[in-house]
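To start, the structure itself, in structure tokens.
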Amino acid sequence: MKTITNIVLLVLLVVFTGCYDPADPRVNLREGVGSDDIIDNIVTRPVAYAFSALIGEGIGVTQAVTRRNDAGFLELHINGHNRSQFTRRFQYRVEWLDENGLLIQTKTSVWQRYSAMGKSPFSLKVVAPRKEAVNFRMDTRKWE
Amino acid sequence: MKTKILEIIMFFTVLIAGCAQETAYIDTMHDDGKAVMGLDYRDFDQAASKMVQSMLGSGTLKKKDASRYVMTTGRIMNDTMQRIDTDQLMAKIEQELLNSGQVVMTSAVGGKGAPDNMVYEMRDIRDSAQSDEFNKDTLAAKGQLIAPELSISGKILQRNIRYSNNVQQVEYYFQLKITDLTTGLRFWQEETLIGKRGSNKSVSW
Chain A
131 MKTITNIVLL VLLVVFTGCY DPADPRVNLR EGVGSDDIID NIVTRPVAYA FSALIGEGIG
191 VTQAVTRRND AGFLELHING HNRSQFTRRF QYRVEWLDEN GLLIQTKTSV WQRYSAMGKS
251 PFSLKVVAPR KEAVNFRMDT RKWE
Chain B
8 MKTKILEIIM FFTVLIAGCA QETAYIDTMH DDGKAVMGLD YRDFDQAASK MVQSMLGSGT
68 LKKKDASRYV MTTGRIMNDT MQRIDTDQLM AKIEQELLNS GQVVMTSAVG GKGAPDNMVY
128 EMRDIRDSAQ SDEFNKDTLA AKGQLIAPEL SISGKILQRN IRYSNNVQQV EYYFQLKITD
188 LTTGLRFWQE ETLIGKRGSN KSVSW
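Going down the list, the protein sequences come from chains A and B.
Everything in the first sequence is counted per the working numbering, starting at 131 for the first residue and increasing by one.
Everything in the second sequence is counted per the working numbering, starting at 8 for the first residue and increasing by one.
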């Protein structure tokens, strides 16, 4: 009996790992699109969703880069990742600061909506409307 | 009997006044108010912000000789079911473009809301007998107006779609384009979509 169980497990392992074809990391194959594997399959998925909700996974920002574009305006590029299994909808607002750290009053600093799908990277781009902007501060809130 | 009637009237007055919704200021910086099916100021703020960022990010308004483009606002069509003054959108955009230092707007020509009639009224005065009342040096001479190089025009349009028996979907498209008035070539174009889904009972006009 033990041998049969071991064989079945081995077969399952070979089937799952044998079919595993590592995709290009730039391509995100979602549930129902890509093949199931030993980590992400019909059995483990509900557990993963429940665990994600339990530990309160959410958005993480991996990189915030600023650069000046050809016209001389500061651009903010945010790269992040939605660590949650669920789509995260949020709002963000970027305010621009001059060289003295003072706020630049602009009508473009308004709450914007954004949505990042579960377990996916996302990117944001915001352009400062004044050339005197040298720094930024960004705020987020839940999109109810 | 009379006192009793008065007491009843007073009771109802207090009751009705107590139920009345108090007027409060909107916190426009952090407005957590519920979305409405029509277009409200938050939608215009968002659309204007996206448009300005797209314009400035594209580099379209960067002039080769580092001077500023002279721009006018052309026709902005309201193709929605709502009574919208399109200046509500354009005033924000014009203000930001002016403040960006890349553009100077002209009030001499343009679509609805863009021209300042005083430009021509002062010229009418200059050419009339009334001009004697003015210091000639302070009156605009002929040939002083600067023609616009660029024009910004566009459209706000609305589509209502029946989503299900009780739910409707309303799509608002903000479309803007910048045209070079010398060559007629289009330098920049952008569309921003704001979509809302809500009860069929909500009115979007």
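Every residue gets a Cβ at the ideal spot worked out from N, C-alpha and C, and that includes glycine.
Excluding five sequence neighbours on each side, which residues of the same chain lie with their C-beta closer than 6 Å to the C-beta of residue i?
| i | result |
| --- | --- |
| E229/A | V264 |
| D200/A | none |
| V77/B | V111, T113, I153, P155, E156 |
| A194/A | I208 |
What residues from chain B crowd round residue i, counting only those whose CB sits closer than 8 Å?
| i | result |
| --- | --- |
| T236/A | E103, N106 |
| R260/A | N106, S107, G108 |
| E229/A | Those do not exist, as E229/A stays about 16 Å from chain B at its closest Cβ, beyond 8 Å. |
| F203/A | L63, G64, S107 |
Let's test the definition: count the other Cβ atoms within 10 Å of the Cβ of residue i and tell me whether it reaches 16, buried, or not, exposed.
| i | result |
| --- | --- |
| R267/A | exposed |
| Q242/A | buried |
| K272/A | exposed |
| A73/B | exposed |
| Q165/B | buried |
| M97/B | buried |
| E101/B | buried |
| I208/A | buried |
| F18/B | exposed |
| M36/B | exposed |
Is the Cβ-Cβ distance between residue i and residue j less than 8 Å?
| i | j | result |
| --- | --- | --- |
| I163/B | D86/B | yes |
| E205/A | K261/A | no |
| Q75/B | G117/B | It should be noted that the sequence gives Arg, not Gln, for residue 75/B. No. |
| G81/B | S158/B | yes |
| R133/B | Q176/B | no |
| G210/A | T192/A | yes |
| Q221/A | T270/A | yes |
Find the residues of chain B that neighbour residue i, judging by a C-beta separation of less than 7 Å, and give them in chain order.
| i | result |
| --- | --- |
| N199/A | G64, G66 |
Residues of chain A with a CB under 9 Å from the CB of residue i: which are they?
| i | result |
| --- | --- |
| V59/B | T236, K237, T238, V257, P259 |
For residue i, which residues from the same chain have a beta carbon less than 7 Å from its beta carbon, with the 5 sequence-adjacent residues on both sides left out?
| i | result |
| --- | --- |
| V126/B | S114, A115 |
| E197/B | M58, S61, L183 |
Mind pulling the chain A residues with CB within less than 7 Å of residue i?
| i | result |
| --- | --- |
| Q53/B | V240, Q242 |
| S209/B | Ordered by position in chain A, no residue passes the 7 Å Cβ test against S209/B, which lies about 17 Å from the chain. |
Which chain A residues are close to residue i, counting only those with a beta carbon under 8 Å from its beta carbon?
| i | result |
| --- | --- |
| K203/B | Within 8 Å Cβ-Cβ: nothing; K203/B doesn't reach chain A, min ~12 Å. |
| K99/B | K237 |
| K69/B | D200, A201, G202 |
By Cβ distance, which residues of its chain are closer than 8 Å to residue i, with the 5 residues on each side in sequence left out?
| i | result |
| --- | --- |
| W226/A | L204, L233, I234, T236, S239, A258, P259, R260, A263, N265, F266 |
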